[in-house]
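As given, the protein sequences belong to chains A and B, one line each in that order.
The opening residue of the first sequence carries number 1 in our numbering; numbering runs sequentially from there.
The opening residue of the second sequence carries number 1 in our numbering; numbering runs sequentially from there.
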Amino acid sequence: MKVPTFLKRTTFAWWTKAALAAGAVFYLLFSMAPTQLLGLTVITLAESLTAFALAATISLPIARLSSSARRWLDPTISRGIEFAGALPTVLLVPALAARGWPVAPLVAITVGMLGALRGARIVSRQLRPSAKVQSLPPQQRRWYTAPQPLPVTWRAAVSSVPAHVVGLEAALTWLDVVERPWTGGWGQELGRRAAQGTLVGLLPCVVATMLLAKLVDLLLDQFELGVRQAELPANHATRG
Amino acid sequence: MRLLFRRLAWLVARLLFLCMVSFAILRLPDGSLHSTEPWRSASQPDPSLPRFVNPSPRDLRARCATLVDRLKSGPDPGASRELVRLGAASFPLVLPEMSSLPPPAQERLARALLDVVQRMGLDPGPRLEDGETAPRYLQRTWKERAVDFDPRVVRRWVERLADQSLLARRSEVAQLDTFALNEIIAALPEVRTSSDARRAQRLVELASHCTGLDWMIEPSASVPQARDVVERWKRWWLLHRADYTVLDGPARLSAILTETQFGKWMAMALAHQMGVDGRGRAVAPQIGAAALVTLPLVMAAFLGSWLVLFVLAGVRNQRMATPGIRRWVVTALGAVPPVAYAAWASSACTPSTRAVLGAITAGVVVAFGALATAMRTFGNFARHSTDSEFPPRARVKWRDLLRTIATLTDSDWPWVLTTAFVVERAFLLPGIGMLSVNAMKSGDWYSLMAVALVSALFLLLLELILSPWPSSRHTTPRFEGAYQ
Numbered sequence: 001m002k003v004p005t006f007l008k009r010t011t012f013a014w015w016t017k018a019a020l021a022a023g024a025v026f027y028l029l030f031s032m033a034p035t036q037l038l039g040l041t042v043i044t045l046a047e048s049l050t051a052f053a054l055a056a057t058i059s060l061p062i063a064r065l066s067s068s069a070r071r072w073l074d075p076t077i078s079r080g081i082e083f084a085g086a087l088p089t090v091l092l093v094p095a096l097a098a099r100g101w102p103v104a105p106l107v108a109i110t111v112g113m114l115g116a117l118r119g120a121r122i123v124s125r126q127l128r129p130s131a132k133v134q135s136l137p138p139q140q141r142r143w144y145t146a147p148q149p150l151p152v153t154w155r156a157a158v159s160s161v162p163a164h165v166v167g168l169e170a171a172l173t174w175l176d177v178v179e180r181p182w183t184g185g186w187g188q189e190l191g192r193r194a195a196q197g198t199l200v201g202l203l204p205c206v207v208a209t210m211l212l213a214k215l216v217d218l219l220l221d222q223f224e225l226g227v228r229q230a231e232l233p234a235n236h237a238t239r240g
Numbered sequence: 001m002r003l004l005f006r007r008l009a010w011l012v013a014r015l016l017f018l019c020m021v022s023f024a025i026l027r028l029p030d031g032s033l034h035s036t037e038p039w040r041s042a043s044q045p046d047p048s049l050p051r052f053v054n055p056s057p058r059d060l061r062a063r064c065a066t067l068v069d070r071l072k073s074g075p076d077p078g079a080s081r082e083l084v085r086l087g088a089a090s091f092p093l094v095l096p097e098m099s100s101l102p103p104p105a106q107e108r109l110a111r112a113l114l115d116v117v118q119r120m121g122l123d124p125g126p127r128l129e130d131g132e133t134a135p136r137y138l139q140r141t142w143k144e145r146a147v148d149f150d151p152r153v154v155r156r157w158v159e160r161l162a163d164q165s166l167l168a169r170r171s172e173v174a175q176l177d178t179f180a181l182n183e184i185i186a187a188l189p190e191v192r193t194s195s196d197a198r199r200a201q202r203l204v205e206l207a208s209h210c211t212g213l214d215w216m217i218e219p220s221a222s223v224p225q226a227r228d229v230v231e232r233w234k235r236w237w238l239l240h241r242a243d244y245t246v247l248d249g250p251a252r253l254s255a256i257l258t259e260t261q262f263g264k265w266m267a268m269a270l271a272h273q274m275g276v277d278g279r280g281r282a283v284a285p286q287i288g289a290a291a292l293v294t295l296p297l298v299m300a301a302f303l304g305s306w307l308v309l310f311v312l313a314g315v316r317n318q319r320m321a322t323p324g325i326r327r328w329v330v331t332a333l334g335a336v337p338p339v340a341y342a343a344w345a346s347s348a349c350t351p352s353t354r355a356v357l358g359a360i361t362a363g364v365v366v367a368f369g370a371l372a373t374a375m376r377t378f379g380n381f382a383r384h385s386t387d388s389e390f391p392p393r394a395r396v397k398w399r400d401l402l403r404t405i406a407t408l409t410d411s412d413w414p415w416v417l418t419t420a421f422v423v424e425r426a427f428l429l430p431g432i433g434m435l436s437v438n439a440m441k442s443g444d445w446y447s448l449m450a451v452a453l454v455s456a457l458f459l460l461l462l463e464l465i466l467s468p469w470p471s472s473r474h475t476t477p478r479f480e481g482a483y484q
């Protein structure tokens with residue numbers, strides 16, 4: 001099995017940080033039964049991974065297009081944002097859930113779609129010239145616009161996914177808009193505790209979400225580091 | 001001017017499209033809507049109507065043809081009942097063709113229509129006792145009265161009745177039964193004074209008589225009560241007009257779109273203040289009042305995030321791109337769910353401070369999210385750009401800040417709105433969020449559609465306002481700078 005470059009370059013210090021983060025989450029959430037905690041964690045991670053996959057699948061191909069193609073796509077992305085944003089998410093999910101759709105996948109798909117649109121919007125509006133441009137006559141330069149670097153797109157699309165997954169689930173539970181019983185992750189637990197008024201009880205879920213967000217941030221840093229180191233000789237050759 | 005007109009036209013087209021999408025999602029196939037007599041509802045369109053396009057709209061002519069066919073094939077109590085409901089409006093379509101039907105079918109049809117004749121105040125008893133058959137009686141009656149079934153005649157009679165109530169005038173309009181409904185509803189006044197109420201009372205009584213709907217104006221009714229009844233009749237007619245009238249020419253063509261559930265919603269939204277909620281109250285005033293609460297929250301949220309971005313203008317690119325404790329803190333604060341912030345903040349508020357504290361909470365929650373995004377965005381671009389684009393010691397350019405605001409504001413809209421709803425719930429503010437939650441629980445889709453419409457409208461206006469800002473869609477200054 002081929003190991004990705006960024007994982008090969010992962011340092012011992014990073015693994016220590018990750019292990020500490022995971023340990024802290026489990027310690028803080030220890031107030032509930034381990035199986036229940038495991039269930040919530042698995043659902044949250046599954047939702048986040050689904051949203052990651054959806055966001056990346058949509059936004060990465062757009063990021064790899066040339067700047068002119070991305071500019072051409074920008075109005076379409078705007079229509080997508082209107083389409084997704086017109087109906088508040090706390091109404092969209094219950095409305096679809098009332099048709100019998102499962103709530104947790106709906107949350108993941110909603111967050112993933114919004115992440116994808118956000119990522120696509122950022123990469124479609126941030127244009128950058130290619131290094132090749134410098135060596136071309138002015139009349140040809142516009143055809144050589146660069147795609148976005150992958151780490152930029154990844155970060156734009158997925159960095160806020162854990163916070164949004166937990167936030168949306170919590171809002172749905174707290175506002176009590178889903179009529180039928182459903183099984184969610186940390187967000188549902190957070191919403192339930194907030195509804196019961198146990199404000200200190202919110203802390204474990206909040207800390208867990210923070211750590212998950214930071215874990216994603218660290219993974220993105222590692223990915224970025226790998227990509228930059230892989231690109232380094234090429235950049236030197238181009239600029240040299 | 002031309003550009004403005006084009007932009008507005010495009011805005012309306014997009015708004016319409018967004019309404020259609022929201023309608024497709026929100027209009028649930030709710031079992032409670034499928035009542036046995038959907039024609040009695042003054043708020044819900046017939047659930048059997050298609051959602052968006054009706055290639056063969058069913059008007060009075062189509063209904064009559066179907067009912068006659070059913071009665072031709074044998075006794076059908078359901079068809080007879082439906083024919084009685086359609087009333088004398090069906091006479092011009094059914095009676096002239098009656099003689100071409102087989103005798104048993106004529107008999108069945110006539111038996112059904114005799115109930116209508118009795119409702120009109122005519123008494124067929126003596127004629128029938130003299131040995132005249134029911135079909136022959138109806139055909140003769142039609143020959144005598146066909147000249148009265150003329151919309152111009154009906155309009156004149158209805159106007160005279162509305163002006164002054166005399167027994168004879170009431171009787172002559174009653175003899176037209178449902179054929180006069182169109183003119184009766186058109187003559188219903190906007191009830192502002194007690195004389196309007198009396199005028200409406202006379203007309204409503206006749207409408208109630210011929211339809212069997214008991215929405216009457218009592219003699220002791222106040223002006224608002226009379227107004228409610230009149231509004232109900234107008235809404236009912238808007239939803240069920242095609243049952244009692246023939247669609248011809250342009251009306252038939254437009255019925256492809258108007259005789260649909262979405263078309264009915266549009267008509268209700270435009271003519272009757274966005275429809276009515278479960279308690280019969282108009283939705284538009286409620287949404288207007290709720291928007292006055294929610295919009296400041298949304299504005300506070302956006303202002304919070306923009307403020308954070310402007311503060312970032314003082315930070316050097318190099319610092320933004322460097323990982324460290326700042327990024328730890330920003331990532332952590334940006335990841336806290338709005339429910340947690342709102343629950344904690346609301347526990348410390350008093351009734352007098354809850355509005356202000358709510359707005360501050362909304363601003364802070366969204367600002368943290370925006371801060372995290374902006375630092376990631378600028379930091380990333382600083383790391384992945386050439387030195388000439390982001391000089392390490394330079395600060396973020398104003399142009400880039402404005403571009404970021406224009407880029408992120410509309411894509412942040414769903415989260416900003418969710419945050420506002422959560423804050424409303426936490427601080428018990430009667431905004432759109434609370435209205436939506438109540439509407440969702442009671443299945444009140446007129447209110448939900450109004451929320452979707454308001455949300456879409458604000459999102460589009462936001463885009464319209466931000467689009468002239470220096471986004472890279474039209475100008476690419478940094479890109480062009482690279483040529484020099």
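Yeah, the Cβ is synthetic: ideal placement off N, Cα and C, and Gly gets one too.
Residue range 34–63 is occupied by the alpha helix (DSSP H) that includes residue 57 of chain A. DSSP places residue 272 of chain B in no alpha helix (DSSP H); its state is neither H nor E. DSSP, read as helix, strand or coil, puts residue 282 of chain B in strand. Pairwise C-beta distances place the segment 288–307 of chain B out of contact with the segment 74–90 of chain B, as fewer than three of them are shorter than 8 Å.
Residue state for residue 349 of chain B is assigned as coil, using DSSP reduced to three classes.
Under the Cβ criterion of 8 Å, residue 464 of chain B is not counted among the residues facing chain A. For residue 368 of chain B, same chain residues with a beta-carbon under 6 Å away, outside a window of 5 residues either side, are 333 and 334 in chain order.
Residue 83 of chain A belongs to the set of residues whose beta carbon lies under 8 Å from a beta carbon in chain B. DSSP places residue 80 of chain A inside the alpha helix (DSSP H), whose first and last residues are 67–85. At least 8 Å separates the beta-carbon of residue 92 of chain A from that of residue 432 of chain B. Counting every other CB atom within 10 Å of its CB across the protein chains shown gives residue 52 of chain B a total below 16, marking it as exposed. Secondary structure of residue 182 of chain B (DSSP, three-state): helix. Shown in chain order are the members of the segment 194–222 of chain A whose Cβ falls below 7 Å from a Cβ of chain B: 194, 199, 202, 206, 209, 210, 213, 214, 217 and 221.
The alpha-carbon separation between residue 78 of chain A and residue 158 of chain A amounts to approximately 19 Å. The beta carbon of residue 112 of chain A sits no closer than 8 Å to any beta carbon of chain B. Annotation for residue 49 of chain B: 259, 260, 261 and 264 place their beta carbon closer than 8 Å to its own, counting only its chain and skipping 5 residues before and after. Within the same chain, and ignoring the five residues on either side of residue 440 of chain B in sequence, the residues whose Cβ sits closer than 7 Å to its Cβ are 448.
Taken atom to atom, the span from the alpha-carbon of residue 115 of chain A to that of residue 55 of chain A is near 5 Å.
Taking 8 Å as the threshold, the shortest C-beta distance from residue 187 of chain A to chain B falls below it. Looking from the CA of residue 185 of chain A, the closest CA among A/150, A/63 and A/38 belongs to A/38.
Note on residue 143 of chain B: under 16 other CB atoms within 10 angstroms of its CB, so exposed under the neighbour-count rule. Taking the C-beta atoms as reference points, residue 79 of chain B is found nearer than 8 Å to residue 71 of chain B. Listed along chain B are 440, each with a C-beta nearer than 8 Å to that of residue 94 of chain A. The beta carbon of residue 450 of chain B is closer than 6 Å to those of 274, 283 and 287 in its chain, skipping five residues each way along the sequence.
When A/53, A/52, A/171 and A/59 are compared, the shortest CA-CA separation from residue 414 of chain B is found for A/171. The continuous stretches of alpha helix (DSSP H) do not include residue 27 of chain B, and DSSP gives it neither H nor E. Taken through DSSP and simplified to helix, strand or coil, residue 299 of chain B comes out as helix. Under the Cβ distance rule, residue 105 of chain A does not count among the residues neighbouring chain B, no pair being separated by less than 8 Å. In the three-state DSSP reduction, residue 176 of chain A falls in the coil class, being neither helix nor strand.
Put simply, the backbone Cα of residue 247 of chain B is about 27 Å away from that of residue 108 of chain B.
Going by DSSP, residue 113 of chain A is part of the alpha helix (DSSP H) stretching over 103–125. Pairing residue 227 of chain B with residue 237 of chain B, the inter-Cα distance amounts to about 15 Å. In the three-state reduction of the DSSP assignment, residue 405 of chain B falls in the helix class. Listed in chain order, the positions of the segment 248–272 of chain B with a beta carbon within less than 9 Å of a beta carbon of chain A would be empty, since no residue qualifies. Between the C-alpha atoms of residue 361 of chain B and residue 22 of chain B there is a straight-line separation of about 29 Å.
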